[in-house]
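Report on one structure; see the data block that follows.
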Amino acid sequence: MAVVLFKSQTDDPTLWNTELSRYLAHLDFRVWPNVGDPREVEYLLIWGELGDLLETLPNVKV
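Just so we're aligned: the sequence shown equals residues -15 to 46 in this note's numbering.
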């Protein structure tokens, strides 16, 4: 299962989750700050500064 972390102060996460889930059936869509286990996060959808977020997500691919 692909785990995606979404972080944005301007975009609606519900819309993104709906559209991505339409094409990716096995998607675990998480919205910042509800990361869950940070080791499970593989993909990021982020608008804005990362800060030190990448350092806390050891398995991010994209």
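Glycine included, C-beta positions come from ideal geometry on N, C-alpha and C.
Computed from a predicted model, the values in this text were never measured in an experiment.
Quick one: measure Cβ to Cβ for tryptophan 16 and lysine 45, integer angstroms, because I've assumed they're closer than 8 Å. Here residue 16 corresponds to residue number 32 of the sequence shown, with the count starting at 1. Here residue 45 corresponds to residue number 61 of the sequence shown, with the count starting at 1. Actually they are not in contact, since the Cβ atoms of tryptophan 16 and lysine 45 sit about 18 Å apart, beyond 8 Å.
Helix, strand or coil for leucine 8 per DSSP? Here residue 8 refers to the residue found at position 24 when the sequence shown is read from its first residue. Judged by DSSP in its simplified three-state form, leucine 8 adopts coil rather than helix or strand.
Alpha carbon to alpha carbon, how far is leucine -11 from tyrosine 7? Mapped onto the sequence shown, residue -11 falls at position 5. Mapped onto the sequence shown, residue 7 falls at position 23. Roughly 17 Å separates the two Cα atoms.
I'd like the list of long-range same chain contacts for glutamate 24, defined as Cβ closer than 8 Å, with 5 residues on each side in sequence excluded. Translated into positions along the sequence shown, residue 24 becomes position 40. Here the set comprises Val(-13), Asp12, Asn43.
With DSSP run on the structure shown, which of helix, strand or coil describes leucine 37? Taking the sequence shown and counting its residues from 1, one reaches residue 37 at position 53. Helix at leucine 37.
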